[in-house]
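Novice:
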Amino acid sequence: MNRNRLEVVIRGATPDDRPVLADLIARSARGLSRGDYSDEQIESALGTGVFGVDSALIGDGTYFVAEAGGRIVGCGGWSRRRTLFGGDRFAAREAEELDPRSEPARIRAFFVHPEWSRRGIGRRILERCESDARAHGFRSAELMATLPGEKLYGALGYGVVERIDYEMDDGVTIALVRMRKELE
Ligand SMILES: CC(C)(COP(=O)(O)OP(=O)(O)OC[C@H]1O[C@@H](n2cnc3c(N)ncnc32)[C@H](O)[C@@H]1OP(=O)(O)O)[C@@H](O)C(=O)NCCC(=O)NCCS
426 MNRNRLEVVI
436 RGATPDDRPV
446 LADLIARSAR
456 GLSRGDYSDE
466 QIESALGTGV
476 FGVDSALIGD
486 GTYFVAEAGG
496 RIVGCGGWSR
506 RRTLFGGDRF
516 AAREAEELDP
526 RSEPARIRAF
536 FVHPEWSRRG
546 IGRRILERCE
556 SDARAHGFRS
566 AELMATLPGE
576 KLYGALGYGV
586 VERIDYEMDD
596 GVTIALVRMR
606 KELE
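According to my numbering, the sequence shown holds residues 426 to 609 in order.
Spelled out as structure tokens, the structure:
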């Protein structure tokens, strides 16, 4: 397969995409975060649902997939709900809707297939999310980044708010970075 010749198309995710997305998220985390996290941290984040599909975003129409040659090679989304990070299996969910005039939209769950990294897919999905959030009246966006994610978001204008060592449900800790950007 010649990746350079394949057009990458961004489309809304559907519930049917969920099994493929779960597989993509695991491959992405295992393939692209090894330099930043230990294998134990990566497996804990996948196992406890810190990394995972959030069906609420798919239901809201705010989660996107990048497709190339009919194959899903990346995903990411935004949210008008309070939950800052974590997939369906993650306990801390807050479905309450945010006030766009005073609260930042959430940028959520970006994962790119290792064979497709550094081709601008993360950037394209992020730009789509920001423009949609802006269209919904949001003036800023916030997220909880992984250390690999910090490089993408930092390059696209997000500043560090705080660095945390997050203790997952199984007791393993992982370094995460809260980041924020003004959208106007
Ligand atoms: C973070 C992630 C989504 C980035 O996706 P991507 O499609 O490779 O990113 P892009 O190609 O759009 O990168 C855009 C810019 O971000 C920066 N960037 C992205 N990844 C980088 C890296 N590993 N090192 C340094 N800069 C990086 C660069 O400035 C890049 O522009 P350039 O390639 O022209 O230099 C991907 O690495 C990933 O899936 N990581 C594992 C899962 C994860 O931790 N996700 C984040 C959850 S918060």
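Don't be surprised by glycine CBs; every beta carbon is placed ideally from N, CA and C.
1. To the nearest angstrom, how far is it from the Cα of residue 609 to the Cα of residue 553?
2. Residue 529 and residue 605: beta carbons closer than 8 Å?
3. First and last residue of the alpha helix (DSSP H) that includes residue 464?
4. Between residue 449 and residue 594, what straight-line distance do the alpha-carbon atoms span, to the nearest angstrom?
5. Please state the DSSP three-state secondary structure of residue 501.
6. When we look at the beta-carbon of residue 575 and count the other beta-carbons within 10 Å, is it buried (16 or more) or exposed?
7. Find out if the Cβ-Cβ distance for the pair residue 532, residue 482 is shorter than 8 Å.
8. For residue 586, which residues of its own chain have a beta-carbon under 7 Å away from its beta-carbon, when the five flanking residues on both sides are left out?
9. If I measure Cβ to Cβ from residue 446 and keep anything under 6 Å in the same chain, skipping five residues before and after, which residues do I get?
10. Could you compute how far the alpha carbon of residue 456 sits from the alpha carbon of residue 583?
11. Is residue 536 near ligand 1, going by C-beta to nearest heavy atom under 7 Å?
Specialist: Checking against the coordinates, here is how it stands:
1. As a first step, residue 609 is located in the sequence shown; it is residue number 184 there, counting from the start. As a first step, residue 553 is located in the sequence shown; it is residue number 128 there, counting from the start. Between residue 609 and residue 553, the C-alpha separation is close to 15 Å.
2. Within the sequence shown, the letter at position 104 stands for residue 529. Within the sequence shown, the letter at position 180 stands for residue 605. Taking 8 Å as the Cβ cut-off, residue 529 and residue 605 qualify as a contacting pair.
3. Residue mapping note: residue 464 aligns to position 39 of the sequence shown, counting from 1. Unbroken alpha helix (DSSP H) run through residue 464: 464-472.
4. Position 24 of the sequence shown, counted from the first residue, corresponds to residue 449. Position 169 of the sequence shown, counted from the first residue, corresponds to residue 594. Rounded to whole angstroms, the separation of the alpha carbons of residue 594 and residue 449 is 23 Å.
5. In the sequence shown, residue 501 corresponds to position 76, counting from 1. Strand, per DSSP.
6. The residue labelled residue 575 in the question sits at position 150 within the sequence shown. Residue 575 should be labelled buried.
7. Mapped onto the sequence shown, residue 532 falls at position 107. Mapped onto the sequence shown, residue 482 falls at position 57. Cβ atoms of residue 532 and residue 482: not closer than 8 Å.
8. Locating residue 586 in the sequence shown gives position 161, where the first residue counts as 1. Hits under 7 Å: 603, 604 and 605.
9. As a working mapping, residue 446 is identified with position 21 in the sequence shown. Once the five neighbours on either side are set aside, the close Cβ partners of residue 446 are 478 and 500.
10. Taking the sequence shown and counting its residues from 1, one reaches residue 456 at position 31. Taking the sequence shown and counting its residues from 1, one reaches residue 583 at position 158. Going by the C-alpha atoms only, they are around 24 Å apart.
11. As a first step, residue 536 is located in the sequence shown; it is residue number 111 there, counting from the start. Yes, since a heavy atom of ligand 1 falls inside the 7 Å radius drawn around the Cβ of residue 536.
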